[in-house]
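Worksheet: one structure, shown below.
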Amino acid sequence: MAEAAAPRIHAWHIEEREYARHEQRRGRRHAFERIVPERTALVVVDMVPFFVEENEYCLGIVPNIQSLASCLRAAGGVVAWVLPRHREPTAREVEFMGPDVAHRYGASGGSGPPRARLWHEFEVADSDIVVEKTAASAFFPDRPPLPGILHARGVDTVLITGTVTNVRCESSARDPSTLGYRVLMVADANAARRDEDHNATLYTIYRSFGDVRSAEEVIGLVQEARRCAHSGYMDGRAWPPPTRQIR
């Protein structure tokens, strides 16, 4: 019997020269220094047994995702769980992956009620969104219903978490950036197979598509916003800031 994987977190980093480049360009390290919880969605990508149970890095991010969900939910934000729909593979997928692997991935989301197919350690609230997708990205047009749901709720900021960092999570960060969302990729709440793959995606997102923060930093932003909501001000300016227009 194979030994169970031990949970791990990636040794993640953004190179100092990349931080310095953005600090020179915009005058600050991070693109998004504040968030409005009520306009923010935590998007959890593909955290289902097929991907989680044998990947030590997936197991390692479960507590951080749970903490983010609890914090944002309590602050009035949206928590969205996105998982693959069970389907037959396309001809292109069979040609590209080979029939065995293509059929395995077509069934990767499992079967049965969507909520019951998520990784068993998560606490999913009745108010949470649970949707299926048929593309790598959680935001690909017309493939999951998530973009329309978030638009209807006035969401302008998305926190990307889940697996695999360099495939489905990266796709799920690039697309909303193009649509006009403020994208934060949570570095220690995403999982790949290797640190090299994980960090390559963090570099790409930070450089061109959004921001990269730790779970602790994101929770700090949510808590700071809650304090500002009571006072009506942040840094001497009225709170909350104007709503961002999403396409």
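Letter 49 of the sequence shown, counting from 1, is numbered 49 in full-length UniProt numbering, and no numbers are missing.
For each residue, glycine too, the CB sits at the ideal point set by N, CA and C.
This structure is a prediction, so every number in the text was calculated from the model and none was measured.
Annotated as proximal: I61 and A191, with beta-carbon spacing under 8 Å. Proximity of the region 195-212 to the region 68-87 falls short of the contact definition, fewer than three beta-carbon pairs being nearer than 8 Å. About 5 Å separates the CB atoms of A41 and V158; that is less than 8 Å, so the two are in contact. In this structure, P37 keeps its C-beta atom at 8 Å or more from the C-beta atom of A215. Within the region 21-66, the runs of alpha helix (DSSP H) that reach at least 4 residues and sit entirely inside it are, in chain order, 49-52. Residue pairing for E170: DSSP places it in no beta bridge.
For E132, the pairing in a beta bridge is given by DSSP as L83. The alpha carbon of H10 has as its nearest neighbour, out of D142, Y57, D156, R182, the alpha carbon of Y57. At a Cβ-Cβ threshold of 8 Å, V124 and I160 do not count as neighbours. Counting C-beta pairs with one atom in each stretch, the region 134-148 and the region 22-30 have fewer than three that are closer than 8 Å, which means they do not touch. Judged by DSSP in its simplified three-state form, V158 adopts strand.
Taking the Cα positions, V131 is about 39 Å away from R17. If you look at R8, you'll find it isn't in any beta strand (DSSP E); DSSP assigns it neither H nor E. For A152, the number of other beta carbons within 10 angstroms of its own is below 16, and it is reported as exposed.
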